[in-house]
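Numbering (this note's numbering), first residue to last: 145 to 361.
All C-beta atoms, glycine included, are put in the ideal place defined by N, C-alpha and C.
First comes the structure, then the notes that go with it.
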């Protein structure tokens with residue numbers, strides 16, 4: 145499956161897969177979308193509530209942008225974060241080296257160079273566990289404060305936007321855990337509600353009217 149490097153409207157890179165007609169991030173801006181949906185609505189929201197180490201689970205490692213921004217936030221706030229991410233089809237090291245996410249290449253390179261399927265300390269405040277497998281293959285003994293649901297769209301990856309996927313995720317989350325995602329389609333919200341989430345809508349990033357923040361009550 146061919147991947148192509150693209151430049152989004154905020155100047156940051158993303159990747160497109162023409163065969164699937166998908167991009168890894170919004171064409172309106174990769175960094176602005178990730179900051180809005182996952183860092184501002186998810187991570188910073190949880191950091192305000194938690195005094196201890198935050199445990200994050202990401203569906204879709206992709207370019208590593210969400211991991212990078214989370215690592216930057218951990219360093220800026222001096223808060224320990226354990227970051228688990230699942231990705232069955234990693235991008236090549238050559239493509240990873242071509243990404244231009246601000247001035248953070250050294251950190252991004254450490255994240256992409258980290259071994260798979262074993263925890264790796266990127267910094268004293270940020271540890272990453274990259275799992276080279278599908279979501280339904282994950283069998284973790286950790287429980288999570290926060291989930292970044294960053295799969296491709298329901299049209300491109302319908303197998304991930306199912307009752308089974310969301311039921312699996314909510315079972316791994318701590319009480320009062322939070323899940324954020326860019327997709328707010330009514331069928332997705334109904335599926336999440338059916339799996340046990342309390343679903344709320346927030347203003348979306350540039351180019352999208354709404355996004356979702358869901359809770360395990």
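- By the C-beta criterion, the stretch 152-159 is judged not to be in contact with the stretch 334-347, since fewer than 3 inter-stretch pairs fall below 8 Å.
- Under a 10 Å Cβ-count criterion, residue 262 is classified as exposed, with fewer than 16 other Cβ atoms of the shown protein chains found around its own Cβ.
- Rounded to the nearest angstrom, the Cβ distance from residue 226 to residue 257 is 19 Å, too far for a contact under 8 Å.
- Within the same chain, Cβ atoms closer than 7 Å to the Cβ of residue 310 are found at 335, 336, 339 and 341, the five residues on either side in sequence being excluded.
- In summary, residue 182 is buried, with 16 or more beta-carbon neighbours lying within 10 Å of its beta-carbon over all protein chains present.
- By the neighbour-count definition (other C-beta atoms within 10 Å, threshold 16), residue 192 is an exposed residue.
- Beta-bridge partners assigned by DSSP to residue 345: 356.
- Residue 235 and residue 207 do touch by the CB rule: their CB atoms are close to 7 Å apart, below 8 Å.
- Apart from the 5 residues on each side of it in sequence, residue 224 sits with its Cβ closer than 6 Å to the Cβ of 197 and 269 in its chain, given in chain order.
- Around the beta carbon of residue 190, 16 or more other beta carbons lie within 10 angstroms, which makes this residue buried.
- Put simply, the backbone Cα of residue 317 is about 27 Å away from that of residue 352.
- Taking 8 Å as the cut-off, the Cβ atoms of residue 184 and residue 292 do not count as close.
- Listed in chain order, the non-local C-beta contacts of residue 150 below 8 Å within the same chain comprise 157, 158, 159, 160, 167 and 171, local neighbours out to five positions each way being set aside.
- Distances from the CA of residue 343 to each of 322, 212 and 350 were compared; the closest alpha carbon is that of 322.
- Excluding five sequence positions before and after residue 296, the CB atoms of its chain that fall closer than 6 Å to its own CB belong to 166, given in chain order.
- Assignment of beta-bridge partners to residue 274 by DSSP yields 229 and 260.
- In this structure, residue 187 lies away from residue 275, with their beta-carbon atoms at least 8 Å apart.
- The secondary-structure analysis by DSSP pairs residue 293 across a beta bridge with 203 and 325.
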